[in-house]
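>
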Amino acid sequence: MRYWLFKSETSTWSWDQQVAKGDAGEEWDGVRNYQARNFMRDMKIGDLGFFYHSQKDREIVGIVEIIAEAHPDSTTDDDRWECVDIKAVKALPKPVHLDQIKSDERLSEMVLVKNSRLSVQPVQDSEWRTIIALGGL
DNA sequence: GCCAACGTTGGC
DNA sequence: GCCAACGTTGGC
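The opening residue of the first sequence carries number 1 in full-length UniProt numbering; numbering runs sequentially from there.
1) So, at 8 Å on beta carbons, what are the nonlocal neighbours of T130 in its own chain, with the 5 sequence-adjacent residues on each side left out?
2) Please determine, among V123, L137, T76 and S11, the residue with the shortest C-alpha to C-alpha distance to D42.
3) Between which two residues does the alpha helix (DSSP H) harbouring W4 extend?
4) What is the rounded straight-line gap between the Cα of P72 and the Cα of Q35?
5) For L48, list the residues DSSP reports as bridge partners.
6) May I have the straight-line CA-CA distance separating W15 from L92, to the nearest angstrom?
7) State the Cα-Cα distance for the pair R80 and W28, rounded to the nearest angstrom.
8) Kindly give me the distance between the Cβ atoms of Q121 and L112, rounded to whole angstroms, as I take these residues to be in contact under 8 Å.
9) Using DSSP's beta-bridge definition, name the partner residues of E59.
10) Could you compute how far the alpha carbon of T76 sits from the alpha carbon of G30?
11) DSSP on L92, reduced to helix/strand/coil?
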């Protein structure tokens, strides 16, 4: 199993909205970046990901699970764009802020730090465990 | 609100 | 196929 990170601006699609969708989940649409799309194509059902709020909050707030593998993005007719479906699994008791991530040596290689603009990105096993611990799980 | 970093587009 | 111009993202 692999780990991922999904980034969203709170005003566009928030963790609360994701939670409200329950086990039915929702497609992670709107991605218009090849790198991000390619990562989604690599995702398998059962993979887990972090849900990160960009811009104002800048923190990892919860864990999501992939419930449908890559399929055409319903928000466009352009068949280049695909997306996966995800559902909220659980919130982190203590959200992990970007400042914490940047100041932690173990997380210095995270894509979130190195390429802040990529909206869908892979997370290493060790990074996953570190953040889970920081988040209080 | 600014601006750096990055990705994409289109002219040549 | 290169590269300048432009648009977007997201941290600060």
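Quick reminder that beta carbons are idealized off the backbone N, C-alpha and C, glycines included.
None of these values were measured; they are calculated from a predicted model.
So, to answer that:
1) Along the first sequence, read from residue 1 onward, the residue named residue 130 stands at position 130. Around T130: D104, R106 and L107.
2) Looking up residue 42 in the first sequence gives position 42. Of the listed residues, the one whose Cα sits closest to D42 is V123.
3) Position 4 of the first sequence holds residue 4. Where W4 is concerned, there is no enclosing alpha helix (DSSP H), although the beta strand (DSSP E) it sits in stretches over Y3 to E9.
4) Here residue 72 refers to the residue found at position 72 of the first sequence. Here residue 35 refers to the residue found at position 35 of the first sequence. Cα to Cα, P72 sits roughly 16 Å from Q35.
5) Taking the first residue of the first sequence as position 1, residue 48 is located at position 48. According to DSSP, which records beta bridges pairwise, L48 is partnered with Y3 and E65.
6) One-based indexing of the first sequence puts residue 15 at position 15. One-based indexing of the first sequence puts residue 92 at position 92. W15 and L92: Cα-Cα distance of roughly 11 Å.
7) For the purposes of this step, residue 80 is taken as residue 80 along the first sequence, with counting starting at 1. For the purposes of this step, residue 28 is taken as residue 28 along the first sequence, with counting starting at 1. Take the alpha-carbon of R80 and the one of W28: they are about 15 Å apart.
8) Taking the first residue of the first sequence as position 1, residue 121 is located at position 121. Taking the first residue of the first sequence as position 1, residue 112 is located at position 112. Confirmed, Cβ separation roughly 7 Å.
9) To locate residue 59, count along the first sequence from 1; it is residue 59. DSSP, once it has assigned bridges, lists H53 and H97 as partnering E59.
10) The residue given as residue 76 occupies position 76 in the first sequence. The residue given as residue 30 occupies position 30 in the first sequence. In a straight line, the C-alpha of T76 is about 8 Å away from that of G30.
11) Along the first sequence, one-based indexing puts residue 92 at 92. DSSP places L92 in strand when its eight states are reduced to three.
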